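Inspection log for the structure reproduced underneath, given as structure tokens.
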Ligand code: TMP
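Numbering (our numbering), first residue to last: 104 to 293.
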């Protein structure tokens, strides 16, 4: 099974993805992959490629990562937990969002069995942002647009069997229990 944990920066994705992975059999994938120096340099503000190309480079990173975990993704007894997946690629895309969605649909990637969107309101985002600014986080309007893109995808149930939206302002344990409950109900219906 493939579970994607999504949300804007500081929404608590890594905490939830790590917690979930620690309790289940399977694999944790974090996108973009840290070893992808091309993307890491881009996020540091270098310009190894243009913004339009970034969509395809992030997408290619995910395709390669998922291909390597293919057997587990297809297994019903194992969980591949993704800390960001193609929903990030669409939400943060510097190309037209509708085109981005069509390209994702045409890609060789599988749909997630469940997308957990940790929704962080902008006021709370500003409080959490602190000193840590990367090339996106400097731009509040952009992050607001990213959040809207996520909420729109959840409404459309874009490219996934299920979406669930949870407020990031809830406690870590409460969110974790909600996610586990949902996964248990999905596993029983497979
Ligand atoms: P992270 O720090 O949560 O791992 O993500 C790094 C940044 O990369 C984050 O600001 C979102 C961005 N990103 C994209 O723009 N497109 C993508 O496809 C992915 C996975 C991340």
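All C-beta atoms in this analysis are idealised placements derived from N, C-alpha and C, irrespective of residue type, glycine included.
These numbers were taken from a predicted model, which means no experiment stands behind them.
Check: Near residue 195, which residues of its chain fall below 6 Å by C-beta distance, leaving aside the five closest residues on each side in sequence?; Outcome: 249
Check: Let me check understanding here. Comparing Cα to Cα, which of 263, 221, 278 and 231 lies closest to residue 251?; Outcome: 221
Check: Give the list of continuous beta strand (DSSP E) stretches no shorter than 3 residues that lie fully inside the stretch 182-240.; Outcome: 182-186 and 217-222
Check: Residue 204: buried (16+ other C-beta within 10 angstroms of its C-beta) or exposed?; Outcome: buried
Check: May I ask which residues mark the beginning and end of the beta strand (DSSP E) holding residue 267?; Outcome: 266-270
Check: Considering only C-alpha positions, which residue in the set 173, 158 and 254 is nearest to residue 202?; Outcome: 158
Check: Can we count residue 280 as close to ligand 1, meaning its CB is less than 7 Å from some heavy atom?; Outcome: no
Check: For residue 161, is the beta carbon positioned less than 7 Å from some heavy atom of ligand 1?; Outcome: yes
Check: Please identify the residue among 215, 113 and 122 whose C-alpha is closest to the C-alpha of residue 188.; Outcome: 215
Check: Please specify which runs of the beta strand (DSSP E), each continuous and at least 3 residues long, are wholly inside the stretch 128-182, giving them in chain order.; Outcome: 129-133
Check: So the beta strand (DSSP E) residue 246 belongs to, where does it begin and stop?; Outcome: Counting along the chain, residue 246 falls outside any beta strand (DSSP E), though it belongs to the alpha helix (DSSP H) covering 243-259.
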